[in-house]
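Student:
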Amino acid sequence: MSTDRDRVVSISRSLPLLIASLSMMGPFSIDTYLPSFREMEHSLGATALQVQQSLTAFLIPFAFMTLWHGALSDAFGRRRVIIISLAIVALSSLGCAFAQSIEVLWGFRVIQGLSAGVFVIGRAVVRDVYEGPTAQRVMSQVAVLFAIGPAIAPVLGGQLHEWFGWRSVFLFLACFSAAIAVWAFQCLPETLDPAHRQALHAGHLARSYRRTLTHPGFLASSLASAFNFTAIFLYVAGAPDLLLRHLQ
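Here it is as structure tokens:
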């Protein structure tokens, strides 16, 4: 384990960038294909609502699996879960790129959402490696880099759509996630000491989440945040149709 920690220290400058890139999987998977909604309707023979539902098909499993990826990494190790999840994101993105019907697209978006929730493990890696002010500094660096994702994703997706069509957006996501997987495979050692691993117990995890979800303080803060994000995603889902169909 000391060797692993030495390797982590040796890449300490690139570790925030790696974790930030991992965190961008969510925004990129949500925002990059928004400019392509209208072309996807024609290509897949779908309605505007059906194409919008591909966002829901991603977000529900994405939200669900953020509750489980941490527990999976506690049981099987950070590195393994990160690499396998990113590989699944890459393969499901390829499936989206070659989908010939809206139903197939929905299916691959579900798989994509289940695996893209792996970004939550990045914080656990920081906690494993750093302590105190150093950990706070690294997380602030990650937050700054992460904030770039939602800003550039629609612009990048729009350019890819304009140049190569909507399928190129999902090919980009496949390449992006595969590149991060290779980067993690080459540079990210296992940061969780095997002695600190915890067996995966669904019942224990469910009880822990039940206690958390019924805590008044947690409910107040999380609901405030949830209402904020609800407004954001209502706009995200409806904006492409509004701008491209009604405001041209």
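The opening position of the sequence shown corresponds to residue 469 in the working numbering, with each subsequent residue numbered one higher. Note that the Cβ used here is the ideal one computed from N, Cα and C, for glycine as well. Nothing here was measured: the structure is a model prediction, and the numbers come from that model.
1. With H, G and I counted as helix, E and B as strand and the rest as coil, what does DSSP make of A649?
2. Does any heavy atom of the ligand FMN sit closer than 8 Å to the C-beta of H672?
3. According to DSSP, is D472 part of a helix, a strand, or is it coil?
4. Roughly how many whole angstroms lie between the Cα atoms of L656 and A646?
5. With a threshold of 16 other CB atoms inside 10 Å of the CB of C564, please say whether the residue is buried or exposed.
6. Can you check whether the CB of Q580 is closer than 9 Å to the CB of F526?
7. What is the C-beta distance between L512 and S569, in whole angstroms, given that I count them as a contact (C-beta under 8 Å)?
8. Can you say whether S470 is buried or exposed, counting buried as having 16 or more other CB atoms within 10 angstroms of its CB?
9. Figure out for me which residue from G545, S489, L535 has the closest Cα to the Cα of Q666.
10. If P618 and T500 are in contact, beta carbons under 8 Å, what's the gap, nearest whole angstrom?
11. Using a Cβ distance threshold of 8 Å, determine whether the segment 639–654 contacts the segment 516–531, with at least three qualifying pairs required.
12. Hey, would you say L490 sits closer than 9 Å to I648, going by beta carbons?
13. Just the C-alpha distance for L668 and R548, rounded to the nearest angstrom, thanks.
14. Should G590 go down as buried or exposed, given a rule of 16 or more other Cβ atoms within 10 Å for buried?
Tutor: Looking at the coordinates:
1. helix
2. No copy of the ligand FMN occurs in the structure displayed, which carries no ligand at all.
3. With a pLDDT of 49 at D472, under the threshold of 50, the modelled position of that residue is not reliable, and the figure given next carries that caveat. DSSP places D472 in helix when its eight states are reduced to three.
4. 15 Å
5. buried
6. yes
7. 6 Å
8. Confidence in S470 is poor, its pLDDT being 48 and thus under 50, which makes the residue's placement unreliable; the coordinate value appears in the next sentence. It counts as exposed.
9. G545
10. Wrong, their Cβ atoms sit about 10 Å apart, outside the cutoff.
11. no
12. yes
13. 15 Å
14. buried
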